[in-house]
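Counting from 113, one number per residue, gives the positions in the sequence shown under the numbering used here.
Built from N, CA and C at the ideal position, the CB exists for glycine as well.
Values in this document were obtained by computation on a predicted structure and should not be read as measured data.
Worksheet: one structure, shown below.
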Amino acid sequence: MKLKILLLVALAGSINLLSAQLHEEIVVDENFSPKVNKSEVQWKKELSSSQYRVLRQAGTEYAFTSELLDNKEEGTYHCVACEAPLFESEYKYDSGSGWPSFDRPIKGAIAYDVDYNIGVQRIEEKCANCGSHLGHVFNDGPIRTTGKRHCINGVALKFIPNGK
Ligand SMILES: [Zn+2]
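This is the structure in structure tokens:
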């Protein structure tokens, strides 16, 4: 019995260590400024009205409406506004939330900000390249990997399958 407990403790310890290693640091950079700068008039011209509402006005698409939600193809999810690569398909998972979800982004692709738009503090995700709003990150992701749920509006993403 004692051994069993000891083993469980050891196992729990190694899982913690593993998740600590995979744990991507989410740091809000107050001095963030995007590399790509366009006027809102220009963005409005380039984006569809639903894209503009999400990407430039921090809107949220209706849950379960994105055609990328159940996409299981291998490839890369890019920012639809500036084409910067943001997420890899291998880190996409079914969170049940109704929005495309990933347990981690491509390193350096995301800028984080704090928002209080719905009265509670949430961590907003923006494209680090063009500053467009993508979604939010929450701490209820897969515990076996990063524990993070990057909850992204499908309308903000452009999927490019591998080899294309
Ligand atoms: Zn972008």
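Cα-Cα separation between Asn149 and Phe176, rounded to whole angstroms: Residue numbering aside, residue 149 sits at position 37 when the sequence shown is read from its first letter. Residue numbering aside, residue 176 sits at position 64 when the sequence shown is read from its first letter. Rounded to whole angstroms, Asn149 to Phe176 spans 31 Å at the Cα level.
Same chain, Cβ closer than 6 Å to Arg165, five either side skipped, listed in chain order: Counting from one through the sequence shown, the residue named residue 165 turns up at place 53. Result list for Arg165: Gly171, in chain order.
Per-residue DSSP class, three states only, for Tyr174: Position 62 of the sequence shown, counted from the start, is the residue given in the question as residue 174. Residue state, collapsed to three classes: coil.
In DSSP terms, what Gly247 is bridged to: Taking the first residue of the sequence shown as position 1, residue 247 is located at position 135. According to DSSP, Gly247 bridges with Glu237, Ile264.
Nearest-angstrom Cβ-Cβ length linking Glu179 and Lys270, presumed shorter than 8 Å: In the sequence shown, counting from the first residue as 1, residue 179 sits at position 67. In the sequence shown, counting from the first residue as 1, residue 270 sits at position 158. The pair is not a contact, with the Cβ atoms about 12 Å apart (cut-off 8 Å).
Residue from Val139, Glu137, Pro146 with nearest C-alpha to His245: Indexing the sequence shown from 1 puts residue 245 at position 133. The candidate whose alpha carbon is nearest that of His245 is Pro146.
Residue(s) in a DSSP beta bridge with Glu200: Position 88 of the sequence shown holds residue 200. Note: Glu200 sits in a beta bridge opposite Thr188.
Span separating the alpha-carbon of Lys260 from that of Ala268: Along the sequence shown, read from residue 1 onward, the residue named residue 260 stands at position 148. Along the sequence shown, read from residue 1 onward, the residue named residue 268 stands at position 156. Taking the straight line joining both Cα atoms gives about 19 Å.
DSSP state of Leu269 mapped onto helix, strand, coil: Here residue 269 refers to the residue found at position 157 of the sequence shown. Correct three-state label for Leu269: strand.
Sequence-distant residues of the same chain with beta carbon closer than 8 Å to Val226, five excluded per side: Locating residue 226 in the sequence shown gives position 114, counting from the first residue. Hits under 8 Å: Val140, Gln233, Arg234, Ile235, Glu236.
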